[in-house]
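Residue numbers for the sequence shown follow the numbering used here, so the first one is 124 and each next one is one higher.
Glycine included, each C-beta is placed from N, C-alpha and C at the ideal position.
Data first, discussion second: the structure below is written as structure tokens.
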Amino acid sequence: MQPLWCNWYSGPIRAVVFAVDVSDPGSLASAGVELHRLLQQPELGAKPVCLVLTKLDLPFTLPRTELDLALGLADLERLYPDRLQIMSVSSVLSPLECPRLEALVDWMVVAKAGDPAVLLAKRT
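So, in structure tokens, the structure goes:
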């Protein structure tokens, strides 16, 4: 699938949501490499990227510190402090029970509109 990604972000996009299934430790290193590559794509310029860590609440998932190491998150946060947002979402909770899902939707709304003020209309 990765070779096709450039077809999606070469058009007029405003943001990227990059989801990683953290319940599969064997895929974390390759996901980290792909995320690094994605952030370096000239076609994306300075567009915001939200890294969504999914299934973080499943048993036997690596601790967050080990996930950070496997994905190289310290380097990414240092290199892209204003561009990269990291969120985690539950694999078992409903959207009503998982406030991070609402935060992710809010992030996407702001990224699409390009203005945080759009959330004021949602809250009133």
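Got a sec? Which residues, its chain only, sit under 8 Å from residue i by beta carbon, not counting five neighbours each side?
i	result
residue 151	143, 145, 185, 190, 193 and 194
Who are the Cβ neighbours of residue i in its own chain at under 7 Å, not counting the five residues just before and after it?
i	result
residue 179	145 and 211
With distances taken between CB atoms, is the gap from residue i to residue j smaller than 8 Å?
i	j	result
residue 172	residue 207	yes
residue 201	residue 170	no
Would you mind sorting residue i into buried or exposed? The rule is 16 or more other CB atoms within 10 Å of its CB.
i	result
residue 168	exposed
residue 175	buried
residue 139	buried
residue 154	buried
Exercise for review: Could you tell me whether the region 185-197 touches the region 160-167, where touching means 3 or more Cβ pairs closer than 8 Å?
Suggested key: no
Review point. Counting only runs that start and end within the region 149-212, where is the alpha helix (DSSP H) found for 4 or more residues in a row?
Key: Runs of alpha helix (DSSP H) with 4 or more residues, each lying fully within the region 149-212, are found at 151-162, 187-194 and 196-202, listed in chain order.
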